[in-house]
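Colleague: In mature numbering (1 follows the signal peptide of the UniProt record, and there is no 0), the protein residues as written are -23 to -1, 1 to 397. Cβ atoms here follow ideal geometry from the backbone N, Cα and C, with glycine treated the same way. Sharing a structure, written as structure tokens. Questions coming.
Here is the structure:
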């Protein structure tokens, strides 16, 4: 069953978010890592690190038998967001607990890495890649890895593959972590429309916005056509539709769902096409592909939206906001629960909402430095905060593709969806 961590975080987090999320009622939640790991790099060619101390000796506190591993997605541990947040916090909590932490950028696939780590005695393995079959179902006639290593805990992200058809849990040693990024994406969509409709007041100089009376367009570029990407897009569309409905306008929505995660040049090319088609805003959810999107936004004088970490200053004045997915929050909470002997009591599906501080949008501080009409900008921020609170209060329902909810485009009549 889905669980919100609004109450749990207050006690569990010793970290404060650097990127404030517009969570409504002035309650911005965010993260700042205050612990530094002394982990030494080893097997550098494989991108692996351990929790050894600065002398290369294994830490010897009460939790020295705790071995944590984090398997990165293919965008790597230095992606300025999704992987980096988990890795940074994993090393910090390992240092705090006197445990070992190994960061792995797999070269032979996720299943091979999972098996090797479990065989090497890692008690708690976080896998950030969207690759679950070998773990929960088994492939090539082999038993599921979770079944082969029943004493090892596995944590997966962005989907729950660990459910039977009747909704019950497949493996009791697998935890699925979901972020309510559909809600944060809704806020980004809502904000985008109000910004676009007021672009002439907010950005009178130094930008090349397509006037709203000529074209109204917003774009989305995702890494893969998967639930973990579509959940952003569908929430984004719903937020666009709400604002467009309030204003009595219609928007074209340009979407590409197969950009991958590693090619900034591709991001620049696709974003350029969307901008030329009349879009003033393009949302990037594609790892370092997003770097090319924000660069193109600056080049052509338009706006981008980033994801995972607060990347608003990546191209100052050209990144409206970032939709946050702070993976370090569940890494810390789950690792602490393991150390406290409470991990077996945790829900096997954990959902982190706007109030948790693990998702949301940024506090817009960077963009606030670049707008010309601060009064209009403040009104837009206030309206966005109000919508955030309505979502938290259950007054606005946002489709969550991560848990299998279906999106019906007919419910968003003010958005004309055009998919590449």
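Which one or two residues does DSSP pair with residue 116 in a beta bridge?
Modeller: In DSSP, residue 116 forms no bridge with anything.
Colleague: Between the Cα of residue 333 and the Cα atoms of 304, 254, 374, 324, which residue gives the shortest distance?
Modeller: 304
Colleague: Looking only at its own chain, which residues have a Cβ that is under 7 Å from the Cβ of residue 387, when we skip the five neighbours before and after it?
Modeller: Nothing meets the Cβ criterion.
Colleague: Report buried or exposed for residue 162, applying the criterion of at least 16 other Cβ atoms within 10 angstroms of its Cβ.
Modeller: It is buried - the Cβ of residue 162 has at least 16 other Cβ atoms within 10 Å.
Colleague: I want to know whether the stretch 178 to 193 touches the stretch 362 to 372 - three or more CB-CB distances under 8 Å.
Modeller: The count of Cβ pairs closer than 8 Å, one atom from the stretch 178 to 193 and one from the stretch 362 to 372, stays below three, leaving the stretches out of contact.
Colleague: Looking only at its own chain, which residues have a Cβ that is under 6 Å from the Cβ of residue 99, when we skip the five neighbours before and after it?
Modeller: The answer, listed in chain order, is 44, 46.
Colleague: Under 8 Å, with one C-beta from each stretch per pair, do the stretch 280 to 299 and the stretch 54 to 61 reach the 3-pair mark?
Modeller: yes
Colleague: Note down, in chain order, each residue of its chain lying with its Cβ closer than 7 Å to the Cβ of residue 361, except the 5 sequence neighbours on either side.
Modeller: -2, 164, 167, 168
Colleague: Between which two residues does the alpha helix (DSSP H) containing residue 262 stretch?
Modeller: No alpha helix (DSSP H) holds residue 262; the beta strand (DSSP E) holding it covers 256 to 262.
Colleague: Taking DSSP as the reference, what is the three-state secondary structure of residue 55?
Modeller: coil
Colleague: Got a sec, what are the start and stop residues for the beta strand (DSSP E) residue 283 sits in?
Modeller: 280 to 285
Colleague: With DSSP run on the structure shown, which of helix, strand or coil describes residue 49?
Modeller: coil
Colleague: Residue 228 lies in the beta strand (DSSP E); which residues open and close that run?
Modeller: Counted as a single uninterrupted DSSP element, the beta strand (DSSP E) harbouring residue 228 occupies residues 228 to 233.
Colleague: Identify every residue that forms a DSSP beta bridge with residue 301.
Modeller: 285, 337
Colleague: Within the same chain, show all residues whose beta-carbon is closer than 6 Å to that of residue 152, passing over the 5 residues directly before and after it, in chain order.
Modeller: Here residue 152 has 132, 325 as same chain residues with Cβ atoms under 6 Å from its own Cβ, once five neighbours each way along the sequence are excluded.
Colleague: Would you decide whether residue 384 is buried or exposed? Buried here means 16 or more other CB atoms lie within 10 Å of its CB.
Modeller: buried
Colleague: Shorter than 8 Å, the distance from the beta carbon of residue 289 to the closest heavy atom of the ligand COA, or not?
Modeller: Of ligands this structure carries none, so the ligand COA is not represented either.
Colleague: Where does residue 389 sit, in a helix, a strand or coil, going by DSSP?
Modeller: coil
Colleague: Comparing alpha-carbon positions, which option in 389, 94, 261, 185 lies nearest residue 234?
Modeller: Out of 389, 94, 261, 185, 261 has the C-alpha closest to the C-alpha of residue 234.
Colleague: Given a cut-off of 9 Å, decide if residue 293 and residue 335 are closer than it, judged by their beta-carbon atoms.
Modeller: no
Colleague: Counting only the same chain and skipping the five closest in sequence on each side, list residues whose C-beta sits under 8 Å from that of residue 116.
Modeller: Answer for residue 116: 88, 110, listed in chain order.
Colleague: According to the neighbour-count rule (16 or more other Cβ atoms, all chains shown, within 10 Å of its Cβ), is residue 265 buried or exposed?
Modeller: buried
Colleague: Starting from the C-beta of residue 239, find all residues in its chain whose C-beta is less than 8 Å away, skip the five residues before and the five after it, and write them out in chain order.
Modeller: 51, 52, 264, 265, 266
Colleague: With distances taken from CA atoms, which of 242, 259, 246, 249 is nearest residue 230?
Modeller: 259
Colleague: I want to know whether the stretch 345 to 353 touches the stretch 174 to 183 - three or more CB-CB distances under 8 Å.
Modeller: yes
Colleague: Candidates 256, 223, 170, 157: which alpha carbon is nearest residue 207's?
Modeller: If we check each option's Cα against that of residue 207, 157 comes out closest.
Colleague: Considering only their Cβ atoms, is the gap separating residue 220 from residue 184 smaller than 9 Å?
Modeller: Residue 184 places its beta carbon 9 Å or farther from that of residue 220.
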